[in-house]
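**Q** Dumping the structure here so I can ask a few things about it.
There are 2 protein chains.
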Amino acid sequence: MISMRPFGITRRAYSTSNITVDALVYGSYGKPSDVLKWHSYKLPALTANTLHVKFLASPINPADVNQVQGAYPFKPPFRSLGDQDSTPYAVGGNEGVAEVIAVGDQVQGIQVGDHVLPNPGFGTWRNFASGAANDFQVLPKRKNVSIIQEATLSVNPCTAYRMLKDFVPLQPGDYVIQNGANSAVGQSVIQLAKAWGLNTINVIRDRPNLDELKQSLEQLGATHVLTEEMLRSHDTKTLIKQWGSPKLGLNCVGGKAATEMARHLKANGQYVTYGAMARAPLALPASLLIFKNLSFHGFWMTRWTDTHNAQERATMVEDLLDLMDQDKLNEVAWTRVNWEAKDVVTAVEQGIQGYGSGKQIILFD
Amino acid sequence: MISMRPFGITRRAYSTSNITVDALVYGSYGKPSDVLKWHSYKLPALTANTLHVKFLASPINPADVNQVQGAYPFKPPFRSLGDQDSTPYAVGGNEGVAEVIAVGDQVQGIQVGDHVLPNPGFGTWRNFASGAANDFQVLPKRKNVSIIQEATLSVNPCTAYRMLKDFVPLQPGDYVIQNGANSAVGQSVIQLAKAWGLNTINVIRDRPNLDELKQSLEQLGATHVLTEEMLRSHDTKTLIKQWGSPKLGLNCVGGKAATEMARHLKANGQYVTYGAMARAPLALPASLLIFKNLSFHGFWMTRWTDTHNAQERATMVEDLLDLMDQDKLNEVAWTRVNWEAKDVVTAVEQGIQGYGSGKQIILFD
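Sequence order for the protein chains is A and B. So my numbering is basically just the index in the first sequence, starting at one, shifted up by 95. So my numbering is basically just the index in the second sequence, starting at one, shifted up by 95.
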């Protein structure tokens, strides 16, 4: 519908000349409840080369919390946000979806009403923002994709997508093994693998509601679900060989269970670490490297985004939105965080714990 | 000179029709002094498609000893060696150089007098052998290359060559870091790097004769020599950054010192494990994988040989022989083992300890 409007009309939906931005910012690193503060400033005037956006939904990811703590290697620069207050700040949050509400005359390819994803480090814990066109990636419109799916697209599903694509060529029927299979990335891996005809062996920790979780992962498309304990048994070793030894292993846990998982890979297999929930290093017996010829890599979405061009990013995002539109990649479990001081800061303090009660997402409205 | 002889004359230097082969064989796995035995058999008659060779020199490598123990993943098949004794055996040893003494009429590209390297698993602890042309690789003749250099070419120098070539593109001036720098492979790495304009940071264990060893490695071409203890110091970290962080790490040690070495690699660096002298796994903090984007691989020369064609092997061997001929790749320290029962078996029992008094090499004559 947007494309039917005469050119120019969509440049500005309503006046954005007198908007006050409320942002959750930090000017030093530390405990989130100590260093996070509210900062209000006037939205900078629209120029020919900028656009104005209104945030719709912004997740609170564990990495965002680590960033506030100063414990994350990617640190957005502190800078002055408005003319009222020259203190340099970074706006919290790295992920989120915003709607374009005004577009400068010289800006190409973006229209009012478009949904956009800001680049990592832009700062997504704020209700409005001004930026250059290349601060944002425009999302193609898909009927059947929710704001939550858009807001949570750029980290977890993209991580799963790249890890399945970039480390070893996989053919339909090939096996992938992963631990932390119930994490947001793990669930994306299950669904993408299923959509692409790949089989997954999904490792989870034993827990009281094991059968329930196993069932829910199988409903997502998991081929097999095993506990860490089962992975160590001789029978499982035989079983996995019968199914087909995996060419790719995806690890977000570390420690002994991660070494155990590596032993099940096929010779010449690739093993990718993207997290360390057990907070223990990955111990590699030399035989896995020398005689089994496994290679061990890391994956960090922030670096991928930083080292790949807009076209590559657009292709991936379009693929993922198509799968969401076809109900092949579901909305992650989530809980609403209200855009109110107390609620957000509490959520950030809890955010480091991750997905206990689903992903925490700020809704602005 | 060989090529000047009329075709046909070089097919057979002397009669090989009545030769008895003495071989050190094993028919089961175990302690070398228990399972190794002498076996004599008649050299099979020359056929149109075979050749006869006389061994000149065969090393006793730690991997050969592991193979006799049954503790090595590459196991030559046991098979009957002659018509007198149908017990299936494997002949010990994987490395060695032999001289061609007779060539079948249909064999192309090999002449009497050529020096050849048998394929891994052929069995080199014997004075004579019969084989097909593709059991051997012919060595181009180089004036200034010793039999010892030929006999010790196919494992250690080739391992160093491939590890420097195959994991990351290196430009002159780039840095490589390695531990176990005094091992036979380590010494080849130092010399190849020097010949190719690369810089090496060489890590060794502290020891009484440290200065002497340091000096001898520097004479080989080592850019810097450090102890494991020095590697852990903050000053060394700064120093290595000033020199130029290495893009490639080569590890034959494992354990904590190997993790420490990985921390000095440049972002996106490649780390190759080819041994585990400390007999401890390599522990990888997730940050080295995820944020520093290091990749960890293994290298095993036997697999490389098995998966690459004769032309690739010939190019490498020619490069290495040229460097030896130009005195850029020295003869490794070695001690002679006599081709007599007691001497060889004792040497094999000691062989697992490696290069204490230099590489042990059987000389036949």
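All residues carry an ideal CB built from backbone N, CA and C; glycine is no exception.
DSSP three-state label for Lys309 (chain A), please.
**A** The answer is helix: DSSP assigns Lys309 (chain A) an H, G or I state.
**Q** Which runs of the beta strand (DSSP E) fall wholly inside the segment 356 to 414 of chain A and span at least 3 residues, in chain order?
**A** Taking only runs of at least 3 residues, the beta strand (DSSP E) segments lying wholly in the segment 356 to 414 of chain A are 365 to 368, 377 to 379 and 390 to 393.
**Q** Run through DSSP, which three-state label would Ile272 (chain B) get?
**A** The answer is strand: DSSP assigns Ile272 (chain B) an E or B state.
**Q** Excluding five sequence neighbours on each side, which residues of the same chain lie with their C-beta closer than 8 Å to the C-beta of Ala276 (chain B)?
**A** Only Gln282, Val284, Ile285, Thr295, Asn297, Val298, Ile299, Leu312, Ala317 and Val320 meet the Cβ criterion.
**Q** Please check if any C-beta of chain A sits within less than 9 Å of the C-beta of Glu323 (chain B).
**A** With 9 Å as the cut-off, Glu323 (chain B) does not count as an interface residue toward chain A.
**Q** Name the chain A residues whose beta carbon is nearer than 7 Å to that of Phe386 (chain B)?
**A** Near Phe386 (chain B) (Cβ distances below 7 Å), the residues of chain A are Pro168 and Trp395.
**Q** Let me know if Asp159 (chain B) comes out buried or exposed under the rule of 16 or more other beta-carbons within 10 Å of its beta-carbon.
**A** Flag for Asp159 (chain B) reads buried.
**Q** With a threshold of 8 Å, are at least 3 pairs of Cβ atoms found where one atom belongs to the segment 127 to 146 of chain B and the other to the segment 242 to 257 of chain B?
**A** As far as the Cβ criterion goes, the segment 127 to 146 of chain B does not touch the segment 242 to 257 of chain B, which means the pair count is below three.
**Q** Between Tyr124 (chain A) and chain B, is the shortest Cβ-Cβ distance under 9 Å, so that the two count as touching?
**A** It does not: the Cβ of Tyr124 (chain A) has no partner Cβ on chain B nearer than 9 Å.
**Q** Do the CB positions of Leu293 (chain B) and Leu326 (chain B) come within less than 9 Å of each other?
**A** Not a contact, by the Cβ cut-off of 9 Å.
**Q** Just tell me which of B:Leu383, B:Pro341, B:Lys132 and B:Leu146 has its CA closest to the CA of Gln206 (chain B).
**A** It is B:Leu146 whose Cα lies nearest to the Cα of Gln206 (chain B).
**Q** Among the residues of its own chain, which have a CB less than 6 Å from the CB of Ser390 (chain A), if the five just before and after it don't count?
**A** Closer than 6 Å at the Cβ level, and outside the excluded window around Ser390 (chain A), lie Gln365.
**Q** Say whether chain A places a C-beta atom closer than 9 Å to the C-beta of Arg358 (chain B).
**A** No, Arg358 (chain B) lies away from the interface with chain A (no Cβ there is under 9 Å from its Cβ).
**Q** For Asn222 (chain A), is the classification buried or exposed, using 16 other Cβ atoms within 10 angstroms of its Cβ as the cut-off for buried?
**A** So Asn222 (chain A) ends up on the buried side.
**Q** Among residues of its own chain, excluding the 5 on either side of Phe459 (chain B), which ones have a beta-carbon nearer than 8 Å to its beta-carbon?
**A** Excluding residues within five positions, the ones whose Cβ falls inside 8 Å are Lys149, Phe150, Leu151, Ala152, Ser153, Asn222 and Trp434.
**Q** From the DSSP output, in three-state form, read off Asp230 (chain B) for me.
**A** Asp230 (chain B) falls in the helix class under three-state DSSP.
**Q** Answer with yes or no whether the minimum CB distance from Gly370 (chain A) to chain B is below 9 Å.
**A** At least one chain B Cβ lies under 9 Å of Gly370 (chain A).
**Q** Under 8 Å Cβ-Cβ, which residues of chain B neighbour Gly349 (chain A)?
**A** Neighbours of Gly349 (chain A) on chain B, chain order: Ala381.
**Q** How far does the alpha helix (DSSP H) with Ser283 (chain B) in it extend, from its first residue to its last?
**A** Counting along the chain, the alpha helix (DSSP H) containing Ser283 (chain B) begins and ends at Ala279 to Ala290.
**Q** Whole angstroms is fine: what's the gap from Glu355 (chain B)'s alpha carbon to Arg174 (chain A)'s?
**A** So the two alpha carbons sit approximately 36 Å from each other.
**Q** Less than 9 Å between CB atoms is the rule here; does Phe391 (chain A) satisfy it with respect to chain B?
**A** Phe391 (chain A) counts as touching chain B.
**Q** Where Leu415 (chain A) and Ala362 (chain A) are concerned, what is the direct C-alpha to C-alpha distance, given to the nearest angstrom?
**A** When rounded, the distance between both Cα atoms is 31 Å.
**Q** Out of A:Trp429, A:Asp422, A:Glu444 and A:Val427, which one is the CA nearest neighbour of Lys238 (chain A)?
**A** Looking at the Cα atoms, A:Asp422 is the closest of the given residues.
**Q** Could I get the ranges of all uninterrupted beta strand (DSSP E) runs contained in the segment 150 to 226 of chain A, with 3 residues as the minimum, in chain order?
**A** Whole beta strand (DSSP E) segments, 3+ residues: 183 to 186, 192 to 198 and 210 to 213.
**Q** Where does the unbroken beta strand (DSSP E) through Val120 (chain A) begin, and where does it stop?
**A** Element bounds for Val120 (chain A): Thr115 to Tyr121.
**Q** Quick check on Tyr450 (chain B): does DSSP put it in helix, strand or coil?
**A** Only weak support is given to the placement of Tyr450 (chain B): the predicted model assigns it a pLDDT of 48, under 50, and the value that follows is read from those uncertain coordinates. Coil, per DSSP.
**Q** Between the segment 366 to 375 of chain A and the segment 332 to 348 of chain A, can you find at least three pairs of beta-carbon atoms closer than 8 Å?
**A** Yes, the segment 332 to 348 of chain A touches the segment 366 to 375 of chain A.
**Q** For Gly349 (chain B), is the classification buried or exposed, using 16 other Cβ atoms within 10 angstroms of its Cβ as the cut-off for buried?
**A** So Gly349 (chain B) ends up on the buried side.
**Q** Answer yes or no: do Ser128 (chain B) and Val432 (chain B) have a C-beta to C-beta separation smaller than 9 Å?
**A** No, the Cβ-Cβ distance between Ser128 (chain B) and Val432 (chain B) is not below 9 Å.
**Q** Which chain B residues sit within Cβ distance under 8 Å of Ala378 (chain A)?
**A** Per Cβ cutoff of 8 Å: Pro376, Leu377, Ala378 and Leu379.
**Q** Which residues of chain A have a Cβ atom closer than 7 Å to the Cβ of Arg398 (chain B), listed in chain order?
**A** Ordered by position in chain A, the residues that pass the 7 Å Cβ test against Arg398 (chain B) are Asn388.
**Q** Does the separation of the CB atoms of Pro235 (chain B) and Val120 (chain B) fall below 9 Å?
**A** Contact: no.
**Q** Hey, out of A:His329, A:Asn214 and A:Gly177, whose CA is closest to Thr397 (chain A)'s CA?
**A** Taking only the C-alpha atoms, the option nearest Thr397 (chain A) is A:Asn214.
**Q** Which class does Gly103 (chain B) belong to by DSSP, given the choice of helix, strand or coil?
**A** Caution is warranted here: a pLDDT of 44 is assigned to Gly103 (chain B), below 50, making its placement in the model unreliable, and the coordinate value is therefore given only provisionally. Of the three classes helix, strand and coil, the one that applies to Gly103 (chain B) here is coil, per DSSP.
**Q** Using 9 Å as the threshold, is the C-beta distance between Leu212 (chain B) and Ala193 (chain B) below it?
**A** Closer than 9 Å, so yes.
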